[in-house]
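Residue numbers (UniProt numbering): 1 to 56.
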């Protein structure tokens with residue numbers, strides 16, 4: 001079980017399994033959000049190269 005630092009609301013100690021599960025959940029949620037948003041379809045490498053010719 002974890003305790004919370006009242007000044008920052010950040011758990012001060014968690015088990016590694018708990019932390020790993022939380023990270024897995026966050027990554028899964030991020031992937032779902034990206035896939036649903038269409039961001040990857042709109043922001044292609046070709047578009048980036050056109051917008052940033054000095055860096056491409």
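Just so you know, even glycine gets a beta-carbon here, dropped at the ideal spot from N, CA and C.
Supposed contact pair residue j and residue i - C-beta distance, whole angstroms, cut 8 Å
| i | j | result |
| --- | --- | --- |
| residue 56 | residue 49 | 4 Å |
Residue i in three-state terms, based on DSSP
| i | result |
| --- | --- |
| residue 54 | coil |
| residue 33 | helix |
| residue 44 | coil |
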